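Peer 1: Please find one structure pasted underneath; my questions will follow.
Number of protein chains: 2
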Amino acid sequence: MALILAIDLGGTRIRAAVFERENDSLLLLRRAETLSRARVDSVEAVITRITEIAREVVADEAIDAIGIAAPGPLDPRSGVILRADTLPGWDGVPLVQTIGEAFASVPTYLQNDANLAALAEYSLGAGKGADPFLYLTVSTGIGGGVIHDGKLFDGDKGLAAEPGHIRFIHPNDGKVYRLEELASGSAIGAWAKRRLAQETTRSLLITAGEIDGQTVGWAAQAGDTFALSVIQEAGEWFGLGLVNLIHLFNPQRIAIGGGVSQLGDLFLNPARQVVERYILHPQFHPPDLLQIAALGDDAGLYGAALYARQQANLT
Amino acid sequence: MALILAIDLGGTRIRAAVFERENDSLLLLRRAETLSRARVDSVEAVITRITEIAREVVADEAIDAIGIAAPGPLDPRSGVILRADTLPGWDGVPLVQTIGEAFASVPTYLQNDANLAALAEYSLGAGKGADPFLYLTVSTGIGGGVIHDGKLFDGDKGLAAEPGHIRFIHPNDGKVYRLEELASGSAIGAWAKRRLAQETTRSLLITAGEIDGQTVGWAAQAGDTFALSVIQEAGEWFGLGLVNLIHLFNPQRIAIGGGVSQLGDLFLNPARQVVERYILHPQFHPPDLLQIAALGDDAGLYGAALYARQQANLT
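So the protein sequences, as listed, match chains B and A. The numbers in the numbering used here rise by one with no breaks, and the one at position 209 of the first sequence is 402. The numbers in the numbering used here rise by one with no breaks, and the one at position 221 of the second sequence is 414.
Structure, rendered in structure tokens:
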């Protein structure tokens, strides 16, 4: 009876759970979460909180493996966070070593949170039976992962895949942008602000207090033409990112998660139209290619457990 | 003693060769080539020529497998050329079935020529020992292939990877272009013509007869400032394509072949500068990441033999 401790280190929350291997699946035994304050607290303080919340879910029992999901780029081979854009001060933090010391001799594995969500969606969610399978999460930023031959494709040093870092030149200013600067929730907020400062337009957003991805989404859902056009533009950029991913990986399925995906067709229809327009050959595009991710916020936690089970050979 | 017949169907030449398996490598026994005239002759006439040249290299001996390299997109599972931009009229041609009938009962395999060149460079050339390995060929168009876990990564339906079909928006006109419309040999010629028609400039090319990738290359090598700037721009677009490939695949090595790569630093330095500028983290960029391909024109032929050997399990 293999027991696995999974930890998901996010910018605003730390979550921990204990899973029991159950045939091909995982049985969630206990879970807990805490605010991480990782953006403001010291690295040491956050690591203490990780250890505390982990001990909270581990009862008086032996754990066989630990899996940790964290924002990248990180080095899963050495267990070091290289640099986390969402966690200032976390450059070069040897997280596996530190957590490993707290749980003496338990094999501990670190992996990019979006990669682990991809693994979870492939094993338990929207990617079941699809290979290659791509997962994309569109929220504050854009992340993702690729599954190939049933395993995570993470490249030479474990840094792949970073779909949010696909680069485009924007025709407005000729500058180079990351996909996540064009199509994420933060991007939707930022472009709305930028356009409102430049354009003469009517919009609910003009009188709104805070303009961010969420308020733009609400305005669009209320039928605000300006907000709709901002989201359409973001969706079209996302579609162009999808076109590139489809031509490079020829995936059997792509699952899209994250807060922005909850805008549904407002965001996804413009993306679909761009995909259909620019795809090289219809064979690249089976009818069920694009799907909504199934596991929600828990994907990273489940993925961490699945990954630790795979890496520790707890089959 | 396994014997393999390899065929490389190009737009201007058809090549055939017989290889003998020799431990891990391949021994070239005999080879021949003919003009293909595939752009002007009927499909039937070209297939007859393929069969003739194949029979020419096969002596009075039994062949164990046949590998065919052809331009894509093609379906390697069914052995059908879906559409070949360089071979008009070849939509839906069941090449494996037709060639298979000519060589009764010999297992025959079809694969994208750039994918096979990638396999050959990985096994025998610039990609030895590198995994993931990416191969890019920059000539009339841009093609490429990905090796992962020692095998060709060709996606769900065998359509991956098509790096020439990475899409960008050009800031000049706001239109969507394929990477091969921005950075291939044909693109270099086309952009030189377009810019000469619009700009007031001094250039050797103004008095040149035909302006194509080759004449622009010659002018650049002679120090022509305008030609140099056209090639620099193409190199920068190619660099942006590389940035995207590096972030998605985190390759251990990328080998670059094709006629345009022979321009060397004129084309590759601008690409390298863009890569260094936009790479997310230095870990993505080991010092020997970018290399020149080693096998030249024969990569497709060797790759076809290697692929047939793998697929037919002639290990």
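Even for Gly, the Cβ is constructed at its ideal location relative to N, Cα and C. What you are looking at is a predicted structure, and each value in this text was computed from that prediction instead of being measured.
(1) Can you list, in chain order, the residues of the region 353-374 of chain B whose Cβ is nearer than 7 Å to any Cβ on chain A?
(2) Would you tell me roughly how many angstroms separate the C-alpha atoms of Asp201/B and Ala415/A, rounded to the nearest one?
(3) For Leu372/A, name the three-state secondary structure that DSSP assigns.
(4) What would DSSP say about Val299/A, mapped onto helix, strand or coil?
(5) Specify, as a first and last residue, the run of the beta strand (DSSP E) that Ser218/A falls within.
(6) Taking Asp234/A as part of the alpha helix (DSSP H), name the residues at either end of that continuous run.
(7) Got a sec? Which residues, its chain only, sit under 6 Å from Tyr315/B by beta carbon, not counting five neighbours each side?
(8) Of the residues that make up the region 429-441 of chain B, which ones have a beta carbon closer than 8 Å to any beta carbon in chain A?
(9) Can you tell me whether Gln484/B is helix, strand or coil according to DSSP?
(10) Where does the unbroken beta strand (DSSP E) through Gly260/B begin, and where does it stop?
(11) So who's on the other strand from Thr330/B, going by DSSP bridges?
(12) What are the boundary residues of the beta strand (DSSP E) that includes Leu345/B?
(13) Is any beta-carbon of chain B found at less than 8 Å from that of Arg276/A?
(14) What is the DSSP secondary structure of Arg388/B, counted as helix, strand or coil?
(15) Residues of chain A with CB under 9 Å from Gln445/B, in chain order?
(16) So what does Asp201/A bridge to, in DSSP terms?
(17) So with Cβ pairs under 8 Å, would you call Tyr500/B a contact of chain D?
(18) When the distance is taken between beta carbons, is Pro269/B closer than 8 Å to Ala277/B?
(19) Find the residues of chain B that neighbour Asp481/A, judging by a C-beta separation of less than 8 Å, and give them in chain order.
(20) Indicate whether Asp417/B and Leu398/B have their beta-carbon atoms separated by less than 8 Å.
(21) Taking its Cβ as the centre, do 16 or more other Cβ atoms sit within 10 Å of Gly367/B, making it buried, or is it exposed?
(22) Excluding the 5 residues flanking Ser472/A on each side, which residues of the same chain have their C-beta closer than 6 Å to its C-beta?
(23) Is the shortest distance between the beta-carbon of His474/A and the beta-carbons of chain B less than 8 Å?
(24) Going along the chain, which unbroken runs of the beta strand (DSSP E) with 3 or more residues stay wholly within the region 418-452 of chain A?
(25) So which residues on chain A does His478/B lean against when the C-beta distance must stay under 8 Å?
(26) Given a cut-off of 8 Å, decide if Val239/B and Leu198/B are closer than it, judged by their beta-carbon atoms.
(27) Can a CB atom of chain B be found closer than 8 Å to the CB of Tyr471/A?
(28) Going along the chain, which residues of its own chain have a beta-carbon closer than 6 Å to the beta-carbon of Thr301/B, five neighbours each way excluded?
(29) Out of Val233/A, Gly457/A and Tyr500/A, which has the shortest C-alpha to C-alpha gap to Trp283/A?
(30) Starting from Arg470/B, trace the alpha helix (DSSP H) both ways and give me its first and last residue.
(31) Would you list, in chain order, the members of the region 297-325 of chain B that have their beta-carbon closer than 9 Å to a beta-carbon of chain A?
(32) Residues of chain A with CB closer than 7 Å to the CB of Asp284/B, please, in chain order.
(33) According to DSSP, His341/B sits in a beta bridge with which residue or residues?
(34) For the alpha helix (DSSP H) containing Gly502/A, name the first residue and the last one.
(35) Can you name, in chain order, every residue of its own chain whose Cβ lies under 7 Å from the Cβ of Thr408/B, other than the five neighbours on each side?
(36) Taking the alpha carbon of Gly322/B as the point to measure from, which residue in Val467/B, Leu482/B and Val286/B has its own alpha carbon closest?
Peer 2: Considering the structure as presented:
(1) Ala353, Ala354, Glu355, Pro356, His358, Ile359, Arg360, Phe361, Ile362, Pro364, Gly367 and Val369
(2) Position 8 of the first sequence, counted from the start, is the residue given in the question as residue 201/B. Position 222 of the second sequence, counted from the start, is the residue given in the question as residue 415/A. Near 58 Å, if we compare the C-alpha coordinates of Ala415/A and Asp201/B.
(3) Sequence index remark: in the second sequence, residue 372/A carries index 179 (1-based). The answer is coil: DSSP assigns Leu372/A none of H, G, I, E or B.
(4) In the second sequence, counting from the first residue as 1, residue 299/A sits at position 106. Coil at Val299/A, not helix or strand.
(5) By 1-based counting over the second sequence, the position of residue 218/A is 25. Segment Ser218 to Leu228, the beta strand (DSSP E) holding Ser218/A.
(6) The sequence position of residue 234/A within the second sequence is 41, counting from 1. Run containing Asp234/A: none; DSSP gives neither H nor E here.
(7) For this step, residue 315/B is matched to residue 122 along the first sequence. Excluding positions up to five away in sequence, the list reads Phe326 and Ile340.
(8) Leu433, Val436, Asn437, Leu438, His440 and Leu441
(9) Here residue 484/B refers to the residue found at position 291 when the first sequence is read from its first residue. Gln484/B: strand per DSSP, three-state reduction.
(10) Locating residue 260/B in the first sequence gives position 67, where the first residue counts as 1. Gly260/B -> beta strand (DSSP E) spans Ala258 to Ala263.
(11) For the purposes of this step, residue 330/B is taken as residue 137 along the first sequence, with counting starting at 1. Thr330/B is bridged to Gly336/B and Gly450/B.
(12) Here residue 345/B refers to the residue found at position 152 of the first sequence. Residues Lys344 to Phe346.
(13) In the second sequence, the residue the question calls residue 276/A occupies position 83. Yes, because at least one Cβ of chain B sits closer than 8 Å to the Cβ of Arg276/A.
(14) Working through the first sequence from its first residue, we reach residue 388/B at position 195. In the structure shown, Arg388/B sits in a helix (DSSP, three-state: H, G or I).
(15) Residue 445/B sits at position 252 when you count from the first residue of the first sequence. Those are Gly348, Asp349 and Lys350, listed as they occur along chain A.
(16) Counted from its first residue, the second sequence places residue 201/A at position 8. For Asp201/A, which the question treats as bridged, DSSP gives the partners Arg208/A and Ala262/A.
(17) The displayed structure is made up of protein chains B and A, and chain D is not among them.
(18) Position 84 of the first sequence holds residue 277/B. Position 76 of the first sequence holds residue 269/B. Not closer than 8 Å, so no.
(19) Mapped onto the second sequence, residue 481/A falls at position 288. What Asp481/A touches in chain B: nothing, since even the nearest Cβ is about 12 Å away.
(20) As a position in the first sequence, residue 417/B is number 224, starting the count at 1. As a position in the first sequence, residue 398/B is number 205, starting the count at 1. Cβ atoms of Asp417/B and Leu398/B: closer than 8 Å.
(21) In the first sequence, counting from the first residue as 1, residue 367/B sits at position 174. Flag for Gly367/B reads exposed.
(22) Within the second sequence, residue 472/A is the residue found at index 279, counting from 1. Note that residue 472/A is Ile in the sequence shown, not Ser. The residues are His478.
(23) The residue you call residue 474/A lines up with position 281 of the second sequence. Interface residue, yes.
(24) 446-450
(25) Start at 1 with the first residue of the first sequence, and residue 478/B comes out as number 285. None at all; the shortest Cβ gap to chain A is about 10 Å.
(26) Translated into the one-based positions of the first sequence, residue 198/B becomes position 5. Translated into the one-based positions of the first sequence, residue 239/B becomes position 46. Taking 8 Å as the Cβ cut-off, Leu198/B and Val239/B do not qualify as a contacting pair.
(27) Residue 471/A sits at position 278 when you count from the first residue of the second sequence. Judged by the 8 Å Cβ criterion, Tyr471/A is in contact with chain B.
(28) For the purposes of this step, residue 301/B is taken as the residue at position 108 of the first sequence. Hits under 6 Å: Ile259, Val289, Ile292 and Gly293.
(29) Within the second sequence, the letter at position 90 stands for residue 283/A. Nearest C-alpha to Trp283/A: Val233/A.
(30) Here residue 470/B is taken as the residue at index 277 of the first sequence, counted from 1. Note, Arg470/B: alpha helix (DSSP H), Asp458 to Tyr471.
(31) Ala323, Asp324 and Pro325
(32) Numbered from 1 along the first sequence, position 91 holds the residue referred to as residue 284/B. Result: empty, since nearest Cβ-Cβ is about 10 Å, beyond 7 Å.
(33) Start at 1 with the first residue of the first sequence, and residue 341/B comes out as number 148. Answer by DSSP bridge pairing, in chain order: Lys344/B.
(34) Taking the second sequence and counting its residues from 1, the one referred to as residue 502/A is at position 309. It should be noted that the sequence gives Arg, not Gly, for residue 502/A. Residues Ala492 to Gln504.
(35) The count along the first sequence starts at 1 and reaches residue 408/B at position 215. Taken in chain order, the residues that qualify are Leu398 and Ala401.
(36) Within the first sequence, the letter at position 129 stands for residue 322/B. Comparing Cα positions, the closest option is Leu482/B.
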